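Comments concern the structure below.
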Amino acid sequence: MPELPEVETTRRGLCPLLVGRLVTGVTVREPRLRWPVPDDLGTVLTGQALRGIGRRAKYLLFQMDAGTLIAHLGMSGSLCVVDAGTPPGPHDHVDIAIEGGTLLRLRDPRRFGSLHWTADDPAGHPLLRELGPEPLGDAFDGRYLFRRSRGRRVAVKAFLMDSHIVVGVGNIYAAEALFAAGIHPARAAGRVGRERYERLAQAVRSVLAAAIQAGGTTLRDFKGGDGRPGYFQQTLSVYGRAGKPCPRCGTAIELTRQGQRATCHCPACQR
DNA sequence: CAACGGACCTGCCTGC
DNA sequence: TGCAGGCAGGTCCGTT
Numbered sequence: 014m015p016e017l018p019e020v021e022t023t024r025r026g027l028c029p030l031l032v033g034r035l036v037t038g039v040t041v042r043e044p045r046l047r048w049p050v051p052d053d054l055g056t057v058l059t060g061q062a063l064r065g066i067g068r069r070a071k072y073l074l075f076q077m078d079a080g081t082l083i084a085h086l087g088m089s090g091s092l093c094v095v096d097a098g099t100p101p102g103p104h105d106h107v108d109i110a111i112e113g114g115t116l117l118r119l120r121d122p123r124r125f126g127s128l129h130w131t132a133d134d135p136a137g138h139p140l141l142r143e144l145g146p147e148p149l150g151d152a153f154d155g156r157y158l159f160r161r162s163r164g165r166r167v168a169v170k171a172f173l174m175d176s177h178i179v180v181g182v183g184n185i186y187a188a189e190a191l192f193a194a195g196i197h198p199a200r201a202a203g204r205v206g207r208e209r210y211e212r213l214a215q216a217v218r219s220v221l222a223a224a225i226q227a228g229g230t231t232l233r234d235f236k237g238g239d240g241r242p243g244y245f246q247q248t249l250s251v252y253g254r255a256g257k258p259c260p261r262c263g264t265a266i267e268l269t270r271q272g273q274r275a276t277c278h279c280p281a282c283q284r
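Per the numbering used here, the very first residue in the first sequence carries number 14; after that it's consecutive.
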């Protein structure tokens, strides 16, 4: 489910409901996520106030008095705020009880998500330390992509999805950005020119910004932190549209496979 | 160092 | 209708 726009939508939805409040307890029903939920999470969090919610890549950063709770939603995770006493569903693995009678509830059917605690600067956490720049930040542009791609023979789509290069560009938005820039997804990253990387960087920014604006993509059942669904799926040009006409030229969108990942592109518009 | 495949899980959809 | 098989939005890790 979550790509960067979904995570950002979740962050924005949760902020007004949680920031400034005290954690009064933690219930872990299923600690076996991608990494085990820390044993002492309840002990650590209880009694601390939430000072703010940040984001780095697809990690949500819950800034507490004494450190940061780092959350990743994996492929199927979601966070929502419910009234205390709401019975947990089958995959509601963790509840963080909030002062005032609500719960921050983590649901994650596939359990690819994770929770981590750090008392230090989260930027130095092993999971965050090696990450590339934020796609909507100043450090990300065409010049940067051009420089990092020299000599790389990996497909440009895989290059764009490599979190060491740039974070937050998942399968959907990589496909959409490459379409917008007119670049074939299988082209070697090192064989894309400076001009085209300018267009690609711009496309990444605008596709992500538009998705955030729209409240995130809904593939199945994405809900923002406030429980409202995202509506971006209606504007996808190539992703999930195999066999349908390209919105620009009408040619049938092609479905191919790169490694394990399905990829859609227009064989006429993308070179 | 770069590239690739495997691994982690469950739910949902398709087709037999 | 039931069931097997394939597929899904992420990303870390080990091997070549």
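Heads up, the beta-carbon is just placed ideally off N, CA and C, and yes, glycines get one too.
None of these values were measured; they are calculated from a predicted model.
Who are the Cβ neighbours of residue i in its own chain at under 6 Å, not counting the five residues just before and after it?
| i | result |
| --- | --- |
| Leu119 | Leu92, His106 and Val107 |
| Arg42 | His106 |
| Leu35 | Ala62 and Glu112 |
Who does residue i pair with in a DSSP beta bridge?
| i | result |
| --- | --- |
| Leu144 | Its beta-bridge partners do not exist; DSSP assigns none. |
| Arg165 | Arg165 pairs with nothing; no bridge assigned. |
| Ser219 | Ser219 is not bridged to any residue. |
| Trp130 | Leu82 |
| Glu267 | His278 |
| Ala201 | Ala168 |
| Arg118 | Cys93 and Asp108 |
| Arg68 | Leu73 |
| Gly38 | Ala110 |
| Leu63 | Met77 |
Quick check on this structure: which residue in the options has the alpha carbon closest to the alpha carbon of residue i?
| i | options | result |
| --- | --- | --- |
| Val205 | Val180, Ser162, Ile109 and Tyr186 | Ser162 |
| Gly142 | Cys282, Asp154, Gln283 and Tyr72 | What sits at residue 142 in the sequence shown is Arg, not Gly. That would be Tyr72, whose Cα lies nearest to the Cα of Arg142. |
| Ala187 | Gly228, Arg218, Gly256 and Ile109 | Arg218 |
| Ile185 | Ala199, Ile196 and Lys170 | Lys170 |
| Lys257 | Arg270, Pro280 and Gln273 | Pro280 |
| Glu19 | Pro139, Ala227, Leu268 and Arg254 | Ala227 |
| Leu86 | Asp78, Met77 and Arg47 | Arg47 |
| Arg102 | Glu112, Pro122 and Ile83 | First, the amino acid is wrong: residue 102 is Gly here, not Arg. Of the listed residues, the one whose Cα sits closest to Gly102 is Pro122. |
| Ala136 | Val167, Gly183 and Gly80 | Gly80 |
| Arg124 | Val32, Leu27, Ala222 and Ala84 | Ala84 |
| Glu16 | Gly90, Thr37 and Glu208 | Gly90 |
| Gly150 | Ala222, Phe159, Arg209 and Met88 | Ala222 |
Give me, in chain order, the residues of the same chain whose beta-carbon lies closer than 7 Å to that of residue i; leave out the 5 immediate sequence neighbours on both sides.
| i | result |
| --- | --- |
| Ala216 | Ala190, Ala193 and Ala194 |
| Ala97 | Ala110, Gly114, Thr115 and Leu116 |
| Gly67 | Leu74 and Gln76 |
| Val251 | Ala188, Glu189, Phe192, Ile266, Cys277, His278 and Cys279 |
| Leu82 | Leu58, Phe75, Leu128 and Trp130 |
Say the cut is 7 Å; is the CB of residue i nearer than that to a heavy atom of the ligand GDP?
| i | result |
| --- | --- |
| Ile111 | As far as ligands go, the structure on display features none, and thus does not contain the ligand GDP. |
Among residues of its own chain, excluding the 5 on either side of residue i, which ones have a beta-carbon nearer than 8 Å to its beta-carbon?
| i | result |
| --- | --- |
| Arg165 | Phe172, Ala201, Ala202 and Gly203 |
| Val39 | Leu54, Gly55, Leu58, Thr59, Val107, Asp108, Ile109 and Ala110 |
| Gly272 | Ala171 |
| Asp285 | Nothing about residue 285 can be reported from this structure: the residues present for the chain run from 14 to 284 only. |
| Leu268 | Ala255, Gly256, Ala275, Thr276 and Cys277 |
| Val220 | Tyr186, Glu189, Ala190 and Ala193 |
| Gln283 | Leu191, Phe192, Gly195, Ile196, His197 and Pro198 |
Touching by the beta-carbon criterion (3+ pairs, under 8 Å), the stretch 39-59 and the stretch 123-133: Under the Cβ criterion (8 Å, minimum of three pairs), the stretch 39-59 counts as touching the stretch 123-133.
- request: Would you check if the stretch 169-184 and the stretch 141-154 touch, i.e. whether three or more CB-CB distances between them fall below 8 Å?
  value: yes
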